[in-house]
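Residue numbers (this note's numbering): 119 to 455.
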């Protein structure tokens, strides 16, 4: 039996270990990928620490973690004709099974491993011009804010937008909001390094959420109009409260960061009077990843500044700790088997 190395998470004990496990074989409608790069996401951290709870579709108690994956096809399932061995590809962050979306590295084995299985519907060709490390983060780190912006929030050119939390998702949201013509773009983060990064990526203003003059600065840069939309990429209750205080009439608050905590509207009368909306967002539609790959390959988007560091698979625990403690202010860390 062929074996491979994989980072395995034992859900009940929150234990992550590098183990030797059987190398999978592709079945009908599947391909086997030799993983070249796998992203480390805050949702991986929250899965490990138990914040996200037990995966709803996971069979058993252990899973190979990782949902951001790029690599090369090394084996085709018996009926697969649309791909070929040796082809560079990037994987969607999930597969549809029995009509339901199952998240890779959560509900079934993911890409913190030497090899990963994928249904052909979730596999997209990758041009040679886009490095594996940059391509790997497109599913989720880029595609999730993209869908939150263009689908859930339906941002229009010229709309004033706030981005709370300039980490892996929020930093890309700043770039994407600029690409779709939002103005002004206000980034909000308590970390000085994150605020500097936001300005480098195209934010028009970067504010500390604890600034006593926060509301006044938002109103000043929007010429008194306040925000048409506010994105919470942090998953923090205080963000919801603050964002609602600077939303314009009919403004919408988009919840992207996951917290598992109650959502509270303190002034329901004002919320109704201003016709505010709160919209939840999760994941991405299937067409987002190939569209974003094309935009990057065509020079419309640049992810070269997104990769903070590349670590070997054996350092998966170190990568998780660095992301959790924000050591070195990482934007995205990549594991390389």
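Here a beta-carbon is modelled for each residue, glycine too, at the ideal position from N, C-alpha and C. Quick caveat: nothing in here was measured; it's all calculated off a predicted structure.
query                                                                                           : result
Three CB pairs or more closer than 8 Å across the segment 262 to 272 and the segment 188 to 199 : no
Candidates 208, 276, 374: closest to residue 161 by CA position                                 : 374
Residue 315 burial status per 10 Å Cβ neighbour count (16 or more: buried)                      : buried
Where residue 182 sits in the DSSP three-state scheme                                           : strand
Three-way DSSP call (helix, strand, coil) for residue 367 in this model                         : strand
Three or more C-beta pairs below 8 Å linking the segment 253 to 263 and the segment 286 to 305  : yes
Nearest neighbour of residue 226, chosen from 173, 205, 186, 200 [CA to CA]                     : 173
Where residue 242 sits in the DSSP three-state scheme                                           : strand
Cβ shell of residue 368 (< 6 Å), same chain only, five flanking positions each side left out    : 393
Residue from 154, 170, 219, 230 whose Cα sits closest to the Cα of residue 437                  : 230
Where residue 216 falls, given that 16 or more other Cβ within 10 Å makes a residue buried      : exposed
For residue 162, three-class secondary structure by DSSP                                        : helix
CB contact flag (residue 319, residue 293, <8 Å)                                                : yes
Rounded straight-line distance, which links the Cα of residue 423 to that of residue 340        : 28 Å
Proximity to residue 273 [Cα-Cα], best of 322, 253, 345                                         : 345
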